[in-house]
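Asks: Oh and the first sequence: position 82 is 82 in the numbering used here, straight run, nothing missing.
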Amino acid sequence: MEKPSYYDAVYDVVRLIPRGRVSTYGRIADFLALGSSRMVGWALNQVHGSLEDVPAHRVVNRNGELSGRNHFRPPSKMQEMLEKEGIKVENDKVSDFNSLVWHPREIRQV
DNA sequence: GACCTGACGCCCC
DNA sequence: AGGGGCGCCAGGT
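(1) Rounded to a whole number of angstroms, what is the C-alpha to C-alpha distance between Val54 and Asn98?
(2) Taking all protein chains shown into account, decide if Gln46 is buried (16 or more other Cβ within 10 angstroms of its Cβ) or exposed.
(3) List the endpoints of the continuous alpha helix (DSSP H) containing Trp42.
(4) Using the DSSP secondary-structure output, state which residues sit across from Glu83 in a beta bridge.
(5) Check Lys88 in the structure and name its three-state DSSP category.
(6) Closer than 7 Å by C-beta to Arg62: which residues in its own chain qualify, once you throw out the five before and the five after it? Chain order, please.
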């Protein structure tokens, strides 16, 4: 029985997002060559309760907006967790997003 | 089994 | 600069 779903690959990448940093659906999708940013969202949607293992709160859209906050409970939880990591969130958007956005490619550059 | 929607992103107007 | 439409794949109705 195979479940090679790219899901695991997505979770793996998300898990690699450093604390205090964020990444985007698009970058992850591009890094994994999924072809669609939505797939990342689908995968994270399946996470649901495994959020402890997969820091899905560190994944935002290309504008740094917390587009997935509505899937957290309460929705403000996403912002809460981010702020707990030192990330400033204002008006459902990551402040200084451009500076702290993390590129999966950095893994290879270590 | 067909249709619609969805944690997105890019192109076109 | 802002708004609207299409594409991507999976899952639910």
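Glycine included, every Cβ here is placed at the ideal spot set by N, Cα and C.
Since the model is a prediction, treat every value here as computed from it, not as a measurement.
Replies: On the basis of the data shown:
(1) 22 Å
(2) exposed
(3) Ser37 to Val47
(4) Glu83 is not bridged to any residue.
(5) coil
(6) Thr24 and Gly26
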